[in-house]
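According to UniProt numbering, the sequence shown is numbered sequentially starting from 1. Ideal Cβ placement from N, Cα and C applies to all residues, glycine included. Each remark here refers to the structure printed beneath this line.
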Amino acid sequence: MSDGGLIGVVRSVTPAFVRRSFALKFFIALLCIGVLVGSVGAIGTQQMTAEFEQQVLDEHATTAKQEADSLSNWNTQNSLFVETMARSQPVRAGNVSEIQSRFDREMRERDFDADDQPNLHYVDADAGVVAASTKSNYRGESADVLNETVRAAFDSGAETVVTEPYTDTPTLESPQPRIAYVTPADNGAGDYVVYTVPLQMRTGTLSGTGSSTTLVVDGSNDVLFHQSNTDLFLQPYGEDNGAPTAARESGPADPGALRAGPAAAALDGSASMAGKEYVVGYAQVLDTDWVVLVHTDVQTAYGTVRSVADRGLLATVLGIAAIGAIGAVLGRNTASALNRLTRKTERMQDGELDVEIQSGRVDTVGRLYDGFGAMRDALQERMAEVERERKRAEVAHEEVVETNAYLQQTAATYSEVMERAAAGDLTQRMGTDGQHDAMDAIATDFNEMITELEKTTGQLKSFAGQVEESGEVVGASAASVKDAAEQVAESIQKISDDAHVQRERLQDATETVDAAVAALDEGDVERARDSLGDVAGTLNDVADATDHTMSEAENVAGAAEEQAAELNEVSSRADELVRYVNPLYDVLDRFETEAEHQFVFTGGPSLGEGETDD
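As structure tokens, then:
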């Protein structure tokens, strides 16, 4: 939808009383701005809170991962230590006294506290006794003195085994939760070296403060290590948050964190955690099913961001209030100024142009007052100019009326002249009076044109007379030529007939002469004489006919001479017509026509061969 369409929709749904009131529209605009600012502030605060909370979760996951890596390193060091002891020279030699000396020296060098000291045991598998031990009351005792969890690891084969956590038999000294690292001795006798470590060794070394709690659970989700509370060793974790399961599903390389609570079970004993919601970061320890869990109550974990969020919301509220207060003051002053200006413009609409429009403000409203004042002054000047233009228009209107009357009268006069000229009176001329240049130019051009037309028409009339006279002469000559031609034709036909008859007679005479010659040859003189007499008669007749033919030929020659004279007369008339046509053509050539026209004669000399004059 275009902006105009959207604005149109908004206007259509906005009540008229709102659209007419600037103050109400300004208040609604301020309200919308306040809602917008509040929404932006709330959304921004919410986003900031969400980002900070995610940051807190990421920090807990990182802390758990770091502690898991540290515990994995500690576990690896213990495994390497027991394996080193199993490959030491005394163990490979099987010398119990040297083994005991080596074990005692290793414990002294590590400077463990007597209360939480780890122990090294060398178990002779064939004898089934603890041959050497840093715990004096275990030396020489049956291997059964060791915890059954430790003994179960003897069947693991050639690899080092980290046992499940266990508790020493209460009848022995200092019973406490421990784990053991069991590895085969490198002497080929099937003996074992056992390194037992109390769980409280990690107490105090796990990360955590007074407001957070870190602990490690084993594969059964029992507490394996705790940062401070040893009473929870091997007790169920019991928190319903799914963190241990999530850690094992994601693996050591993918730690995580979540929000859970309220705290119960293992966390309920902590004053900072009991009954509270908390954030827990989790990470699995490499090569074990142990899971490190770092807990912090929500109030402590999110305390900073909530304080910031509260301050952000307070700042948003104060901003909205400031916008409302400032907007109300500005809106009221601006609305008052605009209302006053509206009333003044309404008076201007009613025609009161001397209303005073002035304001002491220098802002946009003040410039608006100045603009309306300038508009009022310009309107006054414009109205005065309009009045002057109206008077000039009235004068011009009168002039136009007079000019129209003159033009109509002159056009009527010119029309009558052209009608008479069109009727054939080429002596008509248009008059010029010098009052209107265009009309005078029309008259001058028309007069020049009609003069040329009159001259051309006169020449055409003269030419027509010449053509008529020449036509009569040509017609008479043509009749004479026709009669002479007919006479010549008859004479020639008669001469032809006579010549044919003479030829036949001469043929007969020739035959008669031949007969006479033959008779003479035969000696018949009488018949020959008669034949020659006939020939003489025939020749006399031929001579008479020849004289008559010659007379006819002379008559034909005379008729031909007369016909030639008639033709010479026609040719002379034609030359005379040509002399008239050339000047006339030069005059007519100055006129332009829309199409070519052929002049057609209806009879006379122009008729072609085989044509007749209807």
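Element boundaries [alpha helix (DSSP H), containing residue i]
i: Ser-134; result: For the sequence presented, residue 134 should be read as Thr rather than Ser. Counting along the chain, Thr-134 falls outside any alpha helix (DSSP H), and DSSP gives it neither H nor E.
i: Thr-213; result: Element bounds for Thr-213: not the alpha helix (DSSP H) but the beta strand (DSSP E), 212-217.
i: Pro-15; result: Counting along the chain, Pro-15 falls outside any alpha helix (DSSP H), and DSSP gives it neither H nor E.
i: Ser-250; result: 243-250
i: Thr-149; result: 148-152
Residue i, enclosing beta strand (DSSP E) - first and last residue
i: Pro-198; result: 192-198
i: Ala-260; result: 256-260
i: Asp-124; result: 119-124
Where residue i falls: helix, strand or coil (DSSP)
i: Leu-286; result: coil
i: Asn-187; result: coil
i: Thr-451; result: helix
i: Ala-80; result: Looking at the sequence provided, one finds Leu at residue 80 rather than Ala. Helix.
i: Thr-171; result: Its pLDDT being 47, under 50, Thr-171 is placed unreliably in this model, and the value from its coordinates should be taken loosely. Coil, per DSSP.
i: Pro-165; result: coil
i: Asp-268; result: coil
i: Thr-345; result: helix
i: Asp-297; result: strand
i: Gly-94; result: coil
i: Gly-275; result: coil
i: Thr-403; result: helix
i: Leu-206; result: coil
i: Arg-429; result: coil
i: Thr-160; result: coil
i: Ser-88; result: coil
i: Asp-58; result: helix
i: Gly-371; result: helix
i: Val-417; result: helix
i: residue 615; result: For residue 615 there is no data in the structure shown, the boundaries of the chain being 1 and 614.
i: Val-111; result: Reading off the sequence shown, one finds Asp at residue 111, where the question assumed Val. Note: Asp-111 maps to coil in three-state DSSP.
i: His-436; result: coil
i: Glu-554; result: helix
i: Glu-356; result: coil
i: Ala-263; result: coil
i: Ala-524; result: Here residue 524 is Asp; the residue named in the question, Ala, does not match the sequence. Asp-524 falls in the coil class under three-state DSSP.
i: Gln-408; result: helix
i: Val-600; result: At Val-600, the pLDDT of 48 sits below 50, so the modelled position is not reliable and the matter cannot be decided from this model.
i: Asp-514; result: helix
i: Ser-228; result: coil
i: Gly-533; result: helix
i: Ala-423; result: coil
i: Gly-610; result: With a pLDDT of 44 at Gly-610, under the threshold of 50, the modelled position of that residue is not reliable, and the figure given next carries that caveat. Here Gly-610 sits in coil by DSSP.
i: Asp-547; result: helix
i: Asp-350; result: coil
Rounded Cβ spacing between residue i and residue j (contact assumed at less than 8 Å)
i: Leu-120; j: Tyr-195; result: 6 Å
i: Gly-256; j: Ala-61; result: 5 Å
i: Gln-235; j: Ala-266; result: 7 Å
i: residue 617; j: Leu-293; result: Coverage of the chain is limited to positions 1 through 614, which leaves residue 617 absent and any answer about it impossible.
i: Pro-244; j: Val-217; result: 6 Å
i: Asp-186; j: Arg-105; result: Rounded, the Cβ-Cβ distance is 19 Å, inconsistent with contact.
i: Met-273; j: Asp-297; result: 6 Å
i: Thr-203; j: Gln-227; result: 7 Å
i: Asp-124; j: Asp-191; result: 6 Å
i: Val-56; j: Tyr-302; result: 6 Å
i: Thr-432; j: Thr-444; result: 7 Å
i: residue 677; j: Val-280; result: Here the chain comprises residues numbered 1 to 614, so residue 677 is not present and cannot be evaluated.
Bridge-paired residues (DSSP) for residue i
i: Ala-180; result: Thr-196
i: Asp-222; result: Pro-236
i: Ser-142; result: Val-129
i: residue 615; result: Here the chain comprises residues numbered 1 to 614, so residue 615 is not present and cannot be evaluated.
Requested in this report: Please determine if the stretch 453-463 and the stretch 422-433 are in contact, where contact requires at least 3 C-beta pairs separated by less than 8 Å.
Outcome: yes
Requested in this report: Flag this pair as touching only if the stretch 229-236 and the stretch 245-255 have three or more C-beta atom pairs under 8 Å; answer yes or no.
Outcome: no
Query raised in the report: Do the stretch 80-94 and the stretch 275-293 meet, that is, are 3 or more Cβ pairs less than 8 Å apart?
Result: no
Query raised in the report: Would you call the stretch 427-445 and the stretch 403-410 in contact, with 3 or more CB pairs under 8 Å?
Result: yes
Query raised in the report: With contact counted as at least three CB pairs below 8 Å, one residue from each stretch, are the stretch 178-185 and the stretch 158-168 in contact?
Result: yes
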